[in-house]
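Peer 1:
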Amino acid sequence: MKSLSCVKQGRVVVIQDIEGCPQRKRHLEEMGFIPGTPLEVCRCCQQGPLVVSIRGGKVMLGQEMAQHIMVRP
Numbered sequence: 003m004k005s006l007s008c009v010k011q012g013r014v015v016v017i018q019d020i021e022g023c024p025q026r027k028r029h030l031e032e033m034g035f036i037p038g039t040p041l042e043v044c045r046c047c048q049q050g051p052l053v054v055s056i057r058g059g060k061v062m063l064g065q066e067m068a069q070h071i072m073v074r075p
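This note's numbering puts the first residue of the sequence shown at 3, with every later residue one more than the last.
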């Protein structure tokens with residue numbers, strides 16, 4: 003299991019867990035980041051935000067937020 007911030011562009015992964023405080027977890031779940039949900043990393047860069055395709059839409063996430071989303075292949 004690794005954080006979403008470590009996933010390379012073009013990879014499809016499944017959300018395993020959301021780490022952090024309850025408010026952060028609730029916020030991410032409201033955005034569609036629910037354990038068991040697959041997503042694809044559309045764009046990633048070392049310093050900038052990630053763009054992921056999830057549940058038929060695209061979402062931009064900062065690196066800090068992505069570090070709290072644990073995923074598996």
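Even glycine gets a Cβ: it sits at the ideal position worked out from N, Cα and C.
Hey, out of L41, Q25, Q69 and G58, whose CA is closest to R13's CA?
Peer 2: Here the closest residue by C-alpha is L41.
Peer 1: Excluding the 5 residues preceding and the 5 following R74 in the sequence, name in chain order all residues of the same chain whose CB lies nearer than 7 Å to its CB.
Peer 2: Answer for R74: M3, V15, V16 and Q18, listed in chain order.
Peer 1: Which residue wins for smallest C-alpha separation from K10, given the options P51, R57 and P24?
Peer 2: With distances taken between Cα atoms, K10 lies closest to P51.
Peer 1: Consult DSSP for K10 and reduce its assignment to one of helix, strand or coil.
Peer 2: DSSP places K10 in coil when its eight states are reduced to three.
Peer 1: State the beta-bridge partners of R45 as determined by DSSP.
Peer 2: Per DSSP, V53.
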